[in-house]
Amino acid sequence: MLGRKIARHGVAIIGTALLGGLLSATMVRLAPGFDTDEAQIDSHLNSESLRALRESRSQQNNILVFYLQSLKRASQGDLGSSLTLHQPVSKLLRERAPLTLRLIGVALLLSWGAAMTLALSAAFLRLYSYDALATVISGILLCLPAAVVGLLSVLWNTPAALAVAALVFPRDFRYARNLLGRAYSLPHIITARAKGLHELRILFWHVIPVAGPQLLALAGVSVSLAIGAAIPIEALCGLAGVGQLAWQAALARDLPLLVNITVLVTLVTLLANTAADLIGSMVGSQPA
Amino acid sequence: MTKLTSTRVLPNLVLCLCLGLLTPSAFAQGELRFCLRSEPKTFDPLQVEDDASVAIRYLTGGTLVRMNRQSQVLEPELAQSWKVSKDGKQITFKLRSGISFSDGTPFSAEDVAYTVQRLMDPSLHSPTGDAFRSGPGKVDTKILSASQISITFPAPVAGLDRQFDQVALISQHSPKKEMAVLGPFMVADYKPGATVLLKRNPNYWKTDEQGRKLPYLDSIRLDIQPNRDIEMLRFKRNEIDLINSLDSEYFDKLASGSPQLVHDAGASLDSEQMWFNQVAKAPLPGYKKAWFRSTAFRRAISDAINRDDLARVVFRGHAQPALGPFSPANRFWFDAKLKPPVYSPDASLKALQREGFHLDNGTLKDAGGNVVVFSIITNSGNKYRERMATMIQEDLQKIGIQVNVVTLDFPSLLERMTQTFDYEAILLGLSNVGLDPNEEMNVWLSSSENHQWNPQEKTPETAWEAEIDRLMRLQSASSDPKKRKEAFDRVQEIVVEQAPFIFLVNRNALSASSSSVHGLSPVILAPQTYWNAERLSVGVIEAQSRP
Chain A
12 MLGRKIARHG VAIIGTALLG GLLSATMVRL APGFDTDEAQ IDSHLNSESL RALRESRSQQ
72 NNILVFYLQS LKRASQGDLG SSLTLHQPVS KLLRERAPLT LRLIGVALLL SWGAAMTLAL
132 SAAFLRLYSY DALATVISGI LLCLPAAVVG LLSVLWNTPA ALAVAALVFP RDFRYARNLL
192 GRAYSLPHII TARAKGLHEL RILFWHVIPV AGPQLLALAG VSVSLAIGAA IPIEALCGLA
252 GVGQLAWQAA LARDLPLLVN ITVLVTLVTL LANTAADLIG SMVGSQPA
Chain B
952 MTKLTSTRVL PNLVLCLCLG LLTPSAFAQG ELRFCLRSEP KTFDPLQVED DASVAIRYLT
1012 GGTLVRMNRQ SQVLEPELAQ SWKVSKDGKQ ITFKLRSGIS FSDGTPFSAE DVAYTVQRLM
1072 DPSLHSPTGD AFRSGPGKVD TKILSASQIS ITFPAPVAGL DRQFDQVALI SQHSPKKEMA
1132 VLGPFMVADY KPGATVLLKR NPNYWKTDEQ GRKLPYLDSI RLDIQPNRDI EMLRFKRNEI
1192 DLINSLDSEY FDKLASGSPQ LVHDAGASLD SEQMWFNQVA KAPLPGYKKA WFRSTAFRRA
1252 ISDAINRDDL ARVVFRGHAQ PALGPFSPAN RFWFDAKLKP PVYSPDASLK ALQREGFHLD
1312 NGTLKDAGGN VVVFSIITNS GNKYRERMAT MIQEDLQKIG IQVNVVTLDF PSLLERMTQT
1372 FDYEAILLGL SNVGLDPNEE MNVWLSSSEN HQWNPQEKTP ETAWEAEIDR LMRLQSASSD
1432 PKKRKEAFDR VQEIVVEQAP FIFLVNRNAL SASSSSVHGL SPVILAPQTY WNAERLSVGV
1492 IEAQSRP
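Protein chains in written order, with the numbering used here: chain A, 12 to 299; chain B, 952 to 1498.
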């Protein structure tokens, strides 16, 4: 049963990632200035060199042909070469992925730590002023654009992971608070508290089993939120991660690089969501 | 008398000791840190095209000759001497002996021949190589001895010896290929997107006047940082030691607090200019094409732009009104006969009225009754160009012309400029302009793709373009500097008369450096601050005070 579910998820992940790659390639192809290169206005280049430059760009004009060829190459382990950085895409991703993974990992730990602490204490204490304060803080952070958070991080010289966490935290907190608040409002939990059951026992035996699967789903969504936040933060803070690479690739219309990053990000997001889904269903299917 | 002598001896002794401390070992402690604005695309010096790679080539590459960025005079480097043939086709170099690449591989004439042959390989499409390609045919290299080589080009190359300033030599035999260098520094580490670390080349051949080995610096750390605001912030935090090219806004901010940290070397070779679309097949109404192809219209627009204000307001006085295609900073090639542009909206309006334009309720209309309105596009994110476009909009409003300012990201702008020709006027700039007009052949020749106002003309569409073609070819084919200068002076005059490009300002070369950097002497030619990198040092005194 579980095996079939994993297989179904696997097919969905691969299908979605491939579709995501194609959509990304199509969007880049349709973007204005797709087949231009700054070198075209280099007055040192003669007409033969300029022609060669144009030809190298025009090879990607037919997006379907480009994509099928890319897939064929990818199946042989070759992800192609970046048009702007003149380096193999696989090398670029390999070099930059650790920084981004570390950034996202630390940011998720920070945001989840803060969100769960505040959400649990808000649900547990049920104090209006405390809840309002936590809501205002998360509301302010929710209103701040990623660029502003990034610039503040640079200005105050704070770790970039804190900036990513600041962008992910308000979403995590709001969902977690609602889920936990709803769980604590259930009649059997109110009864348990009235009977004087220990709070930790209530939390682990009654609240978590109710809110757990949804919190796990939220964890999956947090990963995609963190990836989305990492792109502008890396670009603004000058961090050499996959996010910065994606930013540069988008600005330079670097098709091979952008398609591969899209597929990679799609894969990571889907895997995180699937893992959360599978764990959630396993936890949910266990007898209470 | 004796006492007097002794009182002099003691300070002298102290001075000598202090000077003694300023020895290579003291200089060697330093690491210079500054930012590259983009990722270097290549470390192969023959394939360099982007600014970041050019910077690394300058710091690591050994050349046969080097243009002294301060005196603008060509000086011997790895070539002790050289001779260019009268027909401008052949150059013979006498090389220094006993020199090795950074990995210890000996340097000889074979390496020069190998470099030139690889550089001129048509399949390489090297911008540096293309500058030597003045006619069809192969380049012949003849090794006369281990330290002498002659190179013969199929056609005369104008300023042949100067072109070798850009040719960093590579080794034929080194297993490290292009990573074996002859320059003062070598690439020691590269973290993509983050840092390029250059270390001192242990085999660098040069010494200073006291016989000390150069370079003084131990290493140079180049941080890749495209964001100028962050670069400035890092400079203020002492995380980097210099900013090679500083915005005028930041220059003033720094100057107000610490004037000793900033340097204004005066007008540079870089220019800002606008031009109208004169492409016959451009998707524009016929009457607009007629305006843009009219010399009187272009001249009138040029006269109606207040360049002094552009320099004063947009660049806060750190720019000079442009006189023509070449900046006065280009000492040899600038045409001193060019007159400063005169801002005169009244004269401009009268000139337009002579051409059939007329004012109707403050709006300028052409003879056919069409309202004179056009858009200027420029690249988004460049606040100086955006401000210049806005000021031009205000200037032209005074003579009844309505200008719309449009900003586009660079790829979109390039598409319009080079492929669809769907634009009316463009405001852009030229940076890292070379000294020799030959480097701009592809801009001035009417058949060229970079003849931006009307590229790839099958035959010159106007008499003045035909004349520019003739003069550019004449100067290119001549090896006589005087004749070349005469021809290019005339080109400059025609360009000012016909205004295909409306040159606006020449930006000043602004830079900033921390007080711990020694030996700096900022100049107007790129690289403005580290042109003498081998003689720079960092934090000498501080290094000595450490136990």
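Using N, Cα and C, we set each Cβ at its ideal position, and we do this for glycine too.
Since the structure is predicted, the reported quantities are computational estimates derived from the model, not experimental observations.
| Check | Outcome |
| --- | --- |
| Does L1381 (chain B) come out as helix, strand or coil in the three-state DSSP assignment? | strand |
| Using a beta-carbon distance cut-off of less than 7 Å, what residues from the stretch 981-1002 of chain B approach chain A? | E990, K992, T993, E1000 |
| Here's the rule I'm using: 16 or more other beta-carbon atoms within 10 Å means buried, otherwise exposed. How should D1311 (chain B) be labelled? | exposed |
| Starting from T1146 (chain B), trace the beta strand (DSSP E) in both directions and tell me its first and last residue. | 1146-1151 |
| Closer than 7 Å by C-beta to A1131 (chain B): which residues in its own chain qualify, once you throw out the five before and the five after it? Chain order, please. | F1052, S1053, D1054, T1056, S1122, S1125 |
| For P975 (chain B) and A1255 (chain B), what's the separation of their Cα atoms in angstroms? | Note on P975 (chain B): pLDDT 43, under 50, position unreliable in the model; no value is reported. |
| Pull the bridge partners of Y1141 (chain B) from the DSSP assignment, please. | B:V1147 |
| Please list, in chain order, the residues of the stretch 251-263 of chain A that have any C-beta partner in chain B closer than 9 Å. | A251, G252, Q255, L256, Q259, L262, A263 |
| Report the residue from B:Q1021, B:L1075, B:F1202, B:L1095 whose alpha carbon sits nearest the alpha carbon of D995 (chain B). | B:L1075 |
| Spatial neighbours of S1429 (chain B) within its chain, please: CB distance less than 6 Å, with the 5 preceding and 5 following residues excluded, ordered by chain position. | R1435 |
| Cβ atoms of V1446 (chain B) and F1439 (chain B): under 8 Å apart, would you say? | no |
| Alpha carbon to alpha carbon, how far is A36 (chain A) from P220 (chain A)? Give it in angstroms, no decimals. | 43 Å |
| Does any residue of chain A have a CB that is nearer than 8 Å to the CB of N1330 (chain B)? | no |
| So S1170 (chain B) and K1142 (chain B) are in contact, right, with Cβ under 8 Å, and what is the actual spacing, rounded? | Between K1142 (chain B) and S1170 (chain B) the Cβ distance is about 14 Å, and since that is not below 8 Å, they are no contact. |
| List the DSSP bridge partners of T1413 (chain B). | DSSP output for T1413 (chain B) lists no bridge partner at all. |
| Which of helix, strand or coil does DSSP assign to Q1403 (chain B)? | coil |
| Please go through the same chain and pick out, in chain order, the residues whose beta-carbon is closer than 6 Å to the beta-carbon of A172 (chain A), but skip the five residues on each side of it. | L114, V117, A118 |
| Could you give the uninterrupted runs of the beta strand (DSSP E) lying entirely in the stretch 104-166 of chain A, keeping only those of 3 residues or more? | none |
| Could you please give the first and the last residue of the uninterrupted beta strand (DSSP E) stretch that includes W1513 (chain B)? | A question about residue 1513 (chain B) goes unanswered here, because the residues of chain B that appear run from 952 up to 1498. |
| Can the beta-carbon of D1221 (chain B) be found less than 8 Å from the beta-carbon of G1380 (chain B)? | yes |
| List the residues that DSSP assigns as beta-bridge partners of H1469 (chain B). | B:S1488 |
| Does G1275 (chain B) get closer than 8 Å to chain A when you measure Cβ to Cβ? | no |
| Mind pulling the alpha helix (DSSP H) runs of 4 or more residues that sit fully within the stretch 190-263 of chain A? | 198-205, 210-213, 219-248, 253-263 |
| Whose Cβ in chain A lies nearer than 7 Å to the Cβ of P1073 (chain B)? | E59 |
| May I ask you to verify whether the stretch 1409-1418 of chain B touches the stretch 1466-1480 of chain B, counting CB pairs closer than 8 Å and requiring at least 3? | no |
| Give the residues of chain B in contact with I244 (chain A), contact being defined as C-beta atoms less than 8 Å apart. | The premise fails here: I244 (chain A) is roughly 13 Å from chain B at the closest Cβ pair, so nothing lies under 8 Å. |
| Could you run through the stretch 1172-1189 of chain B and flag, in chain order, every residue whose CB is less than 7 Å away from some CB of chain A? | Q1176, N1178, I1181, L1184 |
| Just the Cα atoms here: how many angstroms apart are G1490 (chain B) and H20 (chain A)? | 60 Å |
| To the nearest angstrom, how far is the alpha carbon of V1323 (chain B) from that of L1261 (chain B)? | 23 Å |
| Verify whether the separation of the beta carbon atoms of W1482 (chain B) and R1020 (chain B) is less than 8 Å. | yes |
| State the start and end residues of the unbroken beta strand (DSSP E) segment that holds W1395 (chain B). | Unbroken run through W1395 (chain B) is the alpha helix (DSSP H), 1392-1395; no beta strand (DSSP E). |
| V1489 (chain B) CB to nearest chain A CB: under 8 Å? | no |
| Just to confirm my understanding: we take A1082 (chain B), look at its own chain, exclude 5 residues before and 5 after, and list those with CB closer than 6 Å. What are they? | Q1114 |
| Would you be able to state if there are at least three C-beta pairs under 8 Å between the stretch 221-231 of chain A and the stretch 171-191 of chain A? | yes |
| Let me know the secondary structure DSSP gives I1256 (chain B) once reduced to three states. | coil |
| Can you list, in chain order, the residues of its chain whose CB lies under 6 Å from that of F1285 (chain B), leaving out five sequence neighbours each side? | F1277, P1279 |
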